[in-house]
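Input: a single structure, listed below in structure tokens.
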Amino acid sequence: MKKDTKRLILMLVIGFFSALVMVVLSNLTFFENLEHKLTDFRFALRGPNYEGIKKSNIVIVAIDDQSIASIPYKYPWPRTYHAKLVENLKKAGARIITFDIEFTEKSRIDPKQDVIFRDAIEKAGNVVLAGKMMVKKSGNYEMISLLEPIDILREVAPYGIVDTKFDSDGFVRRYILFRDYNNLRYLSLGLQTIASYMGLKGNQMDWLKQLPNGDFIIGNRYKIKKYDNLPSAFINYYGPANSFKTISYEQVIDDKGFKLLLDKNTFKDKIVLVGSTVTEHHDLFSTPFYISGGEMLTPGVEIHANFIQSVLDQNFISGVNIAIVYFISFIFALSIAYLIKRTKPLIGIASSIVIGIVYFVINIMLFINFNILMNLITPTTAIGLAFVACSAYQYFSEEKEKIYIRSVFKHYLAENVVDTVLQETDALSFGGKKQHLTVLFSDIRSFTSYSEKYSPEEVVSILGEYLTEMVDIILKYGGMLDKFVGDEIMAVFGAPHYFKDHAEKACLTALEMIRALDRLKEKWEQEGRDTFDIGIGINTGDMIVGNLGSKQIFDYTVIGDAVNLGARLEGINKVYPTVNHIILSEYTKNEISDNLVTRELDSVRVKGKRKPVAIYELVGEREVMVYPKEFLKHFEKGLFLYKRMKWEEASEEFKKALSHRDDEISKMYIKRCKHFMKYPPAPDWDGVFTLKTK
1249 MKKDTKRLIL MLVIGFFSAL VMVVLSNLTF FENLEHKLTD FRFALRGPNY
1299 EGIKKSNIVI VAIDDQSIAS IPYKYPWPRT YHAKLVENLK KAGARIITFD
1349 IEFTEKSRID PKQDVIFRDA IEKAGNVVLA GKMMVKKSGN YEMISLLEPI
1399 DILREVAPYG IVDTKFDSDG FVRRYILFRD YNNLRYLSLG LQTIASYMGL
1449 KGNQMDWLKQ LPNGDFIIGN RYKIKKYDNL PSAFINYYGP ANSFKTISYE
1499 QVIDDKGFKL LLDKNTFKDK IVLVGSTVTE HHDLFSTPFY ISGGEMLTPG
1549 VEIHANFIQS VLDQNFISGV NIAIVYFISF IFALSIAYLI KRTKPLIGIA
1599 SSIVIGIVYF VINIMLFINF NILMNLITPT TAIGLAFVAC SAYQYFSEEK
1649 EKIYIRSVFK HYLAENVVDT VLQETDALSF GGKKQHLTVL FSDIRSFTSY
1699 SEKYSPEEVV SILGEYLTEM VDIILKYGGM LDKFVGDEIM AVFGAPHYFK
1749 DHAEKACLTA LEMIRALDRL KEKWEQEGRD TFDIGIGINT GDMIVGNLGS
1799 KQIFDYTVIG DAVNLGARLE GINKVYPTVN HIILSEYTKN EISDNLVTRE
1849 LDSVRVKGKR KPVAIYELVG EREVMVYPKE FLKHFEKGLF LYKRMKWEEA
1899 SEEFKKALSH RDDEISKMYI KRCKHFMKYP PAPDWDGVFT LKTK
């Protein structure tokens, strides 16, 4: 197994354990509280549900400071006041009257008051009372005690239990649906209110059922989404405290004030919840809309209102299975580990940030638009932990090795090769791998004759100036200088740094090399020196790339038939004298963009090969056209006719091409046509020109 593969696997293992650590830590109170705060943040971003509040059929009758001040009795008040309240609300057309007040003890003022209150409840026939389920934990056991309304009240009205569920930070976000006790099921106050609102009576098991997915349905009408392992629902709060319409208790029992309410149909067909909103009664709670500092504490009676309204509107918050959250956390952590190993540090950082932000935004949008609440802390912190852990491993495991490799090879290799060795130290091992690349060969024409005119020092100076220019251009386009063989240059594109457009980059390199040579020629002419031309051959194909030297001598290079063909194409320039002296194979031509203009020259069979290859002249970039369009038109038509052995017609087209510009290739084809008119080829001639020399 390659060293790089081993490191990737180890990096993925680190990413996996980073996610695993976060999965375990997410159950700690600190992270639970942090997740709760982010839930509240979602509510704050979404804001109150004004439309739902506006349409609500719930009215709260509040035992508020005004009532405490106005009623001439210390709270708890005589139950005759509650009887009066029930009578007035019934008279006002209230559909359901629910007391979030516990009448679990007989009246301390006068037992007759219980009778009066009972009679009012019985006459109204639409009252729901409150009981309380006391749950105390002792180790792994729960001690439950039930406080029911007194007997005479329980005989005439159903009741629901008040059982507040606090999260680890003391906030109320979930609503208990029921408690099972002594083989009986006791509905919550909110659920019992809904049951009475629907007119449901009798055995609860007949009208409160659990669906296969764990949710509940009441009366085959209202579904209630179960949120966690408890029989509870996540309260989709409609807004902060005082969002629901609230009337003072004192105003309802006051005949004058009540008449105004009666005239306005304030309670007609409404669900009326009666409860305390004063601080002294300790029935105020922190909810998602709570503002730090004590503002906006929500009365318990309004928490019931939020739950009831959610059921009536079927407006629930859905949780996402924690297993899915954990799976996402592992996927994120493994992705970060992979990206850190396979990409540059900045890309790794950017990827971590982008993944975290995208998940955060999707998470928020799911809540705001679809009421889906998904854990935010575990996946995002898994991303962060994986990034830190993997980055630390990357640094400590590779930094020393990078320093060593760079110090050893910086004197022998081009910088880009050193960088590749740093990224892939397996490249140091003997051997290579097959890759689809492009190779470029260039050679100075008649350099031997040229060098004879100058001293060795001058030749070295001129050659150094020329090679420096050419190498700079090769490196500019991402090429790798493979080697110098005298005045010949061999360059590879796509290795060791692979890029898809290696053929395009090689062609752009060749064009710029010719332009640079033209500038050098002008300079040399001004200096009184002779000049020279070069020929360039380019081929694309599969070749073996890697350390193809030995374990003692490092030689990062390419070999293969595709490389040999590239070298042959450079030599073909002597046979096909084009303007730019750049010839490329059909394989390279097929991979370059339309931005580059080519001219088909011929189909040739190079020495030592039986398979022919089409060769092309690289004319230039499209915006800088070298040849007139009419010239190319006639040349292409002439070549078409030539391949079909229509010698006279082909010759005429080549002559027409020459009328637009001088061209040695057209002249060559005219000579060939004359030859074939005199000495026709065999009937099975394939149009391929066989080269006898390299």
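Counting in the numbering used here, the sequence shown runs from 1249 upward without gaps. Quick reminder that beta carbons are idealized off the backbone N, C-alpha and C, glycines included.
Boundaries of the alpha helix (DSSP H) in which L1478 is found, first to last residue: Premise fails: L1478 is in no alpha helix (DSSP H) and is neither H nor E.
Residues bridged to A1310 (per DSSP): S1496, G1523
Y1725 versus L1756 - alpha carbon distance: 8 angstroms
Unbroken stretches of the alpha helix (DSSP H), 4 residues or longer, contained in the segment 1264 to 1294: List check, alpha helix (DSSP H) in window: 1277 to 1294.
CB of H1908 within 8 angstroms of CB of E1871, strictly: no
Integer Cβ distance of A1553 from F1618, believed to fall under 8 angstroms: Not confirmed; about 23 angstroms, so no contact.
Own chain partners of V1334 with C-beta closer than 7 angstroms, once the 5 adjacent residues on each side are dropped: I1345, A1368, I1369, A1372, V1375
Cα-Cα separation between P1931 and D1850, rounded to whole angstroms: Linking P1931 to D1850 through their CA atoms gives a straight-line distance of about 19 angstroms.
Residue burial classification, N1838 (beta-carbon count within 10 angstroms, cutoff 16): Exposed: under 16 other Cβ atoms inside 10 Å.
Cutoff 6 angstroms; reference L1582; Cβ partners in own chain excluding five residues on either side: L1260, G1263
Where the alpha helix (DSSP H) through N1484 begins and ends: It is not in any alpha helix (DSSP H) - N1484 carries neither H nor E in the DSSP assignment.
Boundaries (first-last residue) of the alpha helix (DSSP H) holding V1404: For V1404, there is no enclosing alpha helix (DSSP H), since its DSSP letter is neither H nor E.
DSSP bridge partner residues for S1690 (one or two, in chain order): In the DSSP assignment, S1690 is bridged to I1737, I1784.
Close beta carbons around K1926, own chain, < 8 angstroms, minus the five adjacent residues each side: none
For L1715, the three-state DSSP class (helix, strand or coil): helix
From D1735, I1721, S1690, residue whose alpha carbon lies closest to that of V1708: D1735
C-alpha gap between P1744 and T1716, whole angstroms: 21 angstroms
Euclidean distance between Cα positions of G1548 and R1290: 22 angstroms
Complete alpha helix (DSSP H) runs within the segment 1578 to 1645 (minimum length 4 residues, chain order): 1593 to 1618
For F1657, three-class secondary structure by DSSP: Any reading at F1657 needs caution, since the residue's pLDDT is 48, under 50, leaving its predicted position unreliable; the model's value is listed next. Reduced to three states, the DSSP call for F1657 is helix.
Complete beta strand (DSSP E) runs within the segment 1340 to 1375 (minimum length 3 residues, chain order): 1344 to 1350
Distance between T1441 and P1326 (C-alpha atoms, nearest Å): 24 angstroms
Buried or exposed by the 16-neighbour rule on C-beta atoms within 10 Å, applied to E1390: exposed
Backbone secondary structure at T1412 - three-state DSSP: strand
C-alpha gap between Y1660 and K1731, whole angstroms: With a pLDDT of 37 at Y1660, under the threshold of 50, the modelled position of this residue cannot be trusted; read the value that follows with caution. Per the coordinates, the alpha-carbon of Y1660 lies some 12 angstroms from the alpha-carbon of K1731.
Spatially closest choice to Y1297 from I1483, Y1429, H1284, by CA coordinates: A small fix is needed here, since residue 1297 is Asn in this sequence, not Tyr. Per the C-alpha coordinates, the member of I1483, Y1429, H1284 positioned closest to N1297 is I1483.
Beta carbon proximity, L1633 to chain D, threshold 8 angstroms: Reference to chain D is not applicable here, since this structure consists of a single protein chain.
Buried versus exposed, by CB contacts within 10 Å (16 or more), W1895: buried
Residues bridged to I1392 (per DSSP): I1392 is bridged to V1383.
Simplified DSSP assignment, three categories, for D1749: coil
Counted within 10 angstroms of its Cβ, other Cβ atoms place L1276 as buried (16 or more) or exposed: exposed
Three-way DSSP call (helix, strand, coil) for V1559 in this model: helix
Per-residue burial, F1747 [other beta carbons within 10 Å of its own, 16 or more giving buried]: It counts as exposed.
Exposure of F1575, with buried meaning 16 or more beta-carbon neighbours within 10 Å: exposed
One or two residues paired with V1845 in a DSSP bridge: G1868
At least 3 beta-carbon pairs within less than 8 angstroms: the segment 1430 to 1437 vs the segment 1398 to 1413: yes
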